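Enquirer: I'd like to ask some things about the structure below.
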Amino acid sequence: MPPWLLGSLCCVLAARAALGGGPAGAAAEEEEEEKLIRVLVLLPQDDAYLFSLGRVRPAIEYAVRSLRESGAGLPPGYAFQLTYEDSACGNRALFSLVDMVALQRRRPDLLLGPVCEYAAAPVARLAAHWDVPMLSAGALAAGFGAKGGEYSHLTRVAPAYAKMGEMLLALFRHHQWSRATLLYSDSNPERSCYFAMEGVHVVFQEEAFHMAVHSFDESSRHLDLDDVVRALQTGERVVIMCASGDTIRNIMLAAHRQGMTNGDYAFFNIELFNSSSYGNGSWRRGDKHDLEAKKAYSYLQTITLLRTVKPEFEKFSLEVKSSVQKQGLHEDDYVSTW
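The sequence shown begins at 1 in full-length UniProt numbering and counts up by one.
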């Protein structure tokens, strides 16, 4: 999380605390208590998730430490009090929030997370009801864009999936395309590819584009990607895909063998996270299929977030990676800009 964003929010929180402070004559201890900005961090404990506590906590603490050392953004006398809770990817996040409020008899000043859509939705609704700001690098599904209602207190620090849909829409307009096949894996609990494709579908639907939609479970032992590719041959010539790196490679190999990489089809791959935690997105695997995969990938365009090359981010990335590795999480990639 960028320190400037956390700092901006701190100023708002400090102003809220100052305006809503206790009555005159309150004890000095209570005044000091009011200068704490209580932050509840709701992220999965399970490191199978890219946005696990183990991976994100070093970034949060880096941001807080940077603010404290620079003296910028945070009013004098204010400090953060961070509490970390396991959100999993469902209702546990909501239960953790309710339990904390019941135990401490006060609400947090700020919520960081959750990231998963199914965890973020109920927490965001309660945050709006309680007038508590919520900051998340997730909750990217189209439904969270309804800022005037139950998600009014949610601020997303990453581009929503609908923004990616708008980028694809501009591309389609440029090429005068109006038809596409959406092909995605729907096998993990957070359903990231489903929500990513939903963002594309919503934008394309508003333009009355014709879409064929196909999903598959890439964890199934019975999945036959040759059958999936044969089904593509009866559909549209522009194919937008979302799946793990290995599955995308196998689809492109199957498409190449079935003569679909001769310029008649355009393939796009949505790479949700520019991180090897989600799978190696390149064609190279060091196996006997590398040369064939290289040829197939010459007809594949990959869509992902632009990685910044600013020195500040490089410093942040190195420090966070070092902290993560000390916890036994050996990431061989750079820190995701998401």
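We put the CB at the ideal spot given by N, CA and C, even for glycine.
Quantities reported herein were computed from a predicted structural model and do not represent experimental measurements.
Can you list, in chain order, the residues of its chain with a C-beta nearer than 8 Å to that of K294? Leave out the 5 residues immediately preceding and following it.
Expert: What you label residue 294 is simply residue 294 of the sequence shown in a count that begins at 1. W283, R284.
Enquirer: Based on the DSSP secondary-structure assignment, which residues constitute the bridge partners of I240?
Expert: Position 240 of the sequence shown, counted from the start, is the residue given in the question as residue 240. Paired residue(s): L182, F268.
Enquirer: Decide if N250 is buried, meaning its Cβ has at least 16 other Cβ atoms within 10 Å, or exposed.
Expert: Working through the sequence shown from its first residue, we reach residue 250 at position 250. By the neighbour-count rule (16 or more Cβ atoms within 10 Å), N250 is buried.
Enquirer: Would you check if there are 3 or more beta carbon pairs closer than 8 Å linking the region 80 to 91 to the region 36 to 54?
Expert: Judged by Cβ distances under 8 Å, the region 80 to 91 makes contact with the region 36 to 54, as three or more pairs qualify.
Enquirer: Would you kindly report the start and end of the unbroken beta strand (DSSP E) that includes V41?
Expert: Start at 1 with the first residue of the sequence shown, and residue 41 comes out as number 41. Per DSSP, V41 belongs to the beta strand (DSSP E) from 36 to 43.
Enquirer: Give me the Cβ distance between R179 and V238, rounded to the nearest whole Å; I'm assuming they're in contact under 8 Å.
Expert: Here residue 179 is taken as the residue at index 179 of the sequence shown, counted from 1. Here residue 238 is taken as the residue at index 238 of the sequence shown, counted from 1. Sure, about 7 Å apart at Cβ, within 8 Å.
Enquirer: Compute the Euclidean distance between the alpha carbons of D131 and G113, then round it to the nearest angstrom.
Expert: Here residue 131 corresponds to residue number 131 of the sequence shown, with the count starting at 1. Here residue 113 corresponds to residue number 113 of the sequence shown, with the count starting at 1. Each residue's alpha carbon lies about 16 Å from the other.
Enquirer: Should the region 202 to 212 be called in touch with the region 168 to 182, which here means at least 3 C-beta pairs below 8 Å?
Expert: yes
Enquirer: For the alpha helix (DSSP H) containing E69, name the first residue and the last one.
Expert: Translated into positions along the sequence shown, residue 69 becomes position 69. In the DSSP assignment, E69 falls within the unbroken alpha helix (DSSP H) covering 53 to 70.
Enquirer: Let me make sure I understand the geometry here. Which of G259, P76, E150, S87 has the alpha-carbon closest to that of residue 339?
Expert: Lying before the first or after the last residue shown, residue 339 is absent from the chain, which here runs from 1 to 338.
Enquirer: DSSP puts R156 in a beta bridge; with which residues?
Expert: For the purposes of this step, residue 156 is identified with residue 156 of the sequence shown, where counting begins at 1. Note: R156 sits in a beta bridge opposite S136.
Enquirer: Check M260 in the structure and name its three-state DSSP category.
Expert: Here residue 260 refers to the residue found at position 260 when the sequence shown is read from its first residue. In the structure shown, the three-state DSSP call for M260 is coil.
Enquirer: Could you give the C-beta distance for R125 and L140, rounded to a whole number, given that I count them as a contact under 8 Å?
Expert: Sequence index remark: in the sequence shown, residue 125 carries index 125 (1-based). Sequence index remark: in the sequence shown, residue 140 carries index 140 (1-based). About 17 Å separates the two Cβ atoms, so there is no contact after all.
Enquirer: Could you spell out the range, first to last residue, of the alpha helix (DSSP H) harbouring V229?
Expert: Taking the sequence shown and counting its residues from 1, one reaches residue 229 at position 229. That run of the alpha helix (DSSP H) goes 225 to 233.
Enquirer: Can the beta-carbon of A128 be found closer than 9 Å to that of G149?
Expert: Taking the sequence shown and counting its residues from 1, the one referred to as residue 128 is at position 128. Taking the sequence shown and counting its residues from 1, the one referred to as residue 149 is at position 149. A contact, by the Cβ cut-off of 9 Å.
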